[in-house]
Every structure is written in C-alpha cells, then in structure tokens.
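Counting in my numbering, the sequence shown runs from 19 upward without gaps. Note that the Cβ used here is the ideal one computed from N, Cα and C, for glycine as well.
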Amino acid sequence: MKTQSSCRSSRAADMQGVMKIFHITAFIWYAFIMQCLYIKEGESLPPGIFEYGGPWKYLTFLNLVRTFCKTCTQEADCHVSRFASSLVVLFFWSIFAYDRQLVYPEAMDTFFPPWMNHAMHTLVLPILLGEVLLQPHVYPKTRNGIALLGIAGMAYFTWVMWVYLNVGMWVYPLLGLFSNSGLIGFFLFTLFVSVLLFLLGKGLNLCIWGKQDFHQPVKVLVAQVFLK
Numbered sequence: 019m020k021t022q023s024s025c026r027s028s029r030a031a032d033m034q035g036v037m038k039i040f041h042i043t044a045f046i047w048y049a050f051i052m053q054c055l056y057i058k059e060g061e062s063l064p065p066g067i068f069e070y071g072g073p074w075k076y077l078t079f080l081n082l083v084r085t086f087c088k089t090c091t092q093e094a095d096c097h098v099s100r101f102a103s104s105l106v107v108l109f110f111w112s113i114f115a116y117d118r119q120l121v122y123p124e125a126m127d128t129f130f131p132p133w134m135n136h137a138m139h140t141l142v143l144p145i146l147l148g149e150v151l152l153q154p155h156v157y158p159k160t161r162n163g164i165a166l167l168g169i170a171g172m173a174y175f176t177w178v179m180w181v182y183l184n185v186g187m188w189v190y191p192l193l194g195l196f197s198n199s200g201l202i203g204f205f206l207f208t209l210f211v212s213v214l215l216f217l218l219g220k221g222l223n224l225c226i227w228g229k230q231d232f233h234q235p236v237k238v239l240v241a242q243v244f245l246k
C-alpha cells in the first residue's frame with residue numbers, strides 16, 4: 019500500500035512539474051507575441067488596421083490577452099477563453115481558405131510575417147490541447163456555460179457594432195457583405211458553433227479525466243471572465 023501510495027504521489031508531483039513548465043513556457047510565448055504586437059502598433063500600418071480601438075477590436079488579440087492573463091494565474095477553468103481560442107482558429111482559417119481578403123488581406127503580410135500570423139491564429143490550438151491533456155477541468159452546467167457564451171458573444175458583437183458606427187469601418191471586411199438580418203444570422207451561427215465547441219470540450223474532458231464531482235457556480239464563471 020505504501021509503495022502504491024508513494025508511486026501515485028510521485029506521479030502527481032511529476033505532473034505538477036510538467037504543468038508548471040507548460041504554463042511558464044506558454045507565459046513566455048504569449049508575452050513575446052504581445053510585445054511584438056505592441057511594437058507593430060507604432061509602425062505605419064495599412065489604413066484601418068489599428069484605427070479606433072487599436073488591436074483591442076480584434077477577437078484574436080482579446081483572446082491572446084485573456085489567455086496570457088490565464089497563464090499568469092495558472093487558471094485552468096476559464097471556458098470562454100478556451101472556446102474563443104478554438105473559435106479564432108476555426109473561423110480564421112476557414113475564411114482565410116475561402117478568401118483571405120475577407121479576414122486577413124495580403125497587405126498585412128508586409129507588417130505581420132507568416133510566423134506571427136501562425137502564432138496568433140494557429141499555435142493557440144496546440145497550447146489549448148496541451149491544457150486539456152495535462153490537466154482536468156471543472157465545467158459549468160451546460161445551461162450556465164451556454165448562457166455565459168451568449169453574454170460574452172453579445173458583448174463582443176456590441177463592441178464591433180460600436181466601432182463601425184463610430185468610424186464607418188468593419189473590424190473584419192467579411193461583415194460588410196451582410197445585410198442587417200445577415201449580421202444577426204452570422205452572430206447566431208457563431209454562437210451555435212461556440213456551443214458545439216463547448217459540448218465537444220466537455221465531452222473530451224470527460225473521456226480523458228472522467229466525470230467531475232461538481233460544477234462551477236455562475237458567479238465564479240462570471241468572475242473568471244470579467245474580474246481577472
């Protein structure tokens with residue numbers, strides 16, 4: 019019994035060490051990327067790139083900042099950040115493959131080299147998967163998770179509309195192709211995909227780590243998103 023107990027303790031200690039190395043590495047990486055973006059903000063960029071709101075109007079940058087803050091606190095259970103990462107990768111590369119001008123015009127390549135593009139829109143996914151595989155997560159009840167995703171989505175949609183109403187320029191050229199009803203439909207579709215990603219993540223966590231004994235209360239979820 020003592021041997022088995024000591025082995026389990028040793029494995030747990032090893033896993034804690036791996037998680038610390040993982041978080042430190044992720045922290046350094048995100049800090050480096052954010053510093054590169056900060057330097058770029060002072061350069062002569064194509065019109066509209068950082069106009070009104072700077073990089074803060076882009077979901078990619080908001081996701082980087084939130085993920086960076088999460089690595090600082092080693093907080094593993096911020097589900098909005100996790101699904102924002104998945105959504106960024108899925109939507110960006112899907113639209114990029116269809117017509118890159120709608121989301122990442124060729125003029126951007128002059129200022130953001132390909133490695134930085136992949137740092138912002140690709141490498142977030144393996145880092146996300148690393149968290150899922152290395153550490154169990156406590157998910158909220160499905161209805162609470164969906165409600166929080168809806169609130170976060172509406173907040174970002176409102177911010178995008180505010181930018182457009184103030185400067186007459188869409189954050190993403192793709193949005194300019196939609197009518198008013200089309201914009202609402204696109205928002206609802208995005209929310210639907212977010213819900214699917216939530217359920218997928220919850221199912222993956224269950225398959226890898228088994229059923230968790232409790233759910234996070236709503237006030238804890240809200241605090242993770244807005245107060246950290």
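- prompt: Taking the alpha helix (DSSP H) that F130 falls in, what are its first and last residues?
  reply: Counting along the chain, F130 falls outside any alpha helix (DSSP H), and DSSP gives it neither H nor E.
- prompt: If L120 sits next to G171, beta carbons under 8 angstroms apart, how far is it from one beta carbon to the other, in whole angstroms?
  reply: Contact flag wrong, Cβ pair sits at about 20 angstroms.
message: Which residue wins for smallest C-alpha separation from T43, given the options F205, L141, I113, P191?
response: L141
Contact set for L143: own chain, Cβ-Cβ below 8 angstroms, skip 5 residues either direction: S103, S104, V107
Helix, strand or coil at M187 according to DSSP, with G and I counted as helix: coil
- prompt: Cα separation between G221 and V185?
  reply: 42 angstroms
- request: Compare the C-beta of L206 with all C-beta atoms of chain B and state if any pair is closer than 9 angstroms.
  value: Absent from the structure: chain B. Only one protein chain is present.
field: Straight-line gap, G39 to F45 (C-alpha atoms, nearest Å)
entry: One detail in the question is off: residue 39 reads as Ile in this sequence, not Gly. Computed Cα separation, rounded: 10 angstroms.
field: Segment limits, alpha helix (DSSP H) that includes K229
entry: No alpha helix (DSSP H) holds K229; DSSP gives it neither H nor E.
field: Pairwise C-alpha distance: G35 and L201
entry: 46 angstroms
message: By alpha-carbon positions, which one of F130, Y182, E149, L215 ends up nearest to M33?
response: E149
DSSP three-state assignment for L214, whether helix, strand or coil: helix
- prompt: Which value, in whole angstroms, describes the spacing of the CA atoms of L215 and Y76?
  reply: 20 angstroms
message: Here's the rule I'm using: 16 or more other beta-carbon atoms within 10 Å means buried, otherwise exposed. How should P131 be labelled?
response: exposed
query: Can you give, in chain order, each stretch of the beta strand (DSSP E) that sits fully within the stretch 131-208 and has at least 3 residues?
result: none
Coarse secondary structure for G72, derived from DSSP in three states: helix
Span separating the alpha-carbon of Y174 from that of I226: 32 angstroms
- prompt: Cβ atoms of Y182 and L166: under 9 angstroms apart, would you say?
  reply: no
- prompt: What is the rounded straight-line gap between the Cα of Y122 and the Cα of Y56?
  reply: 19 angstroms
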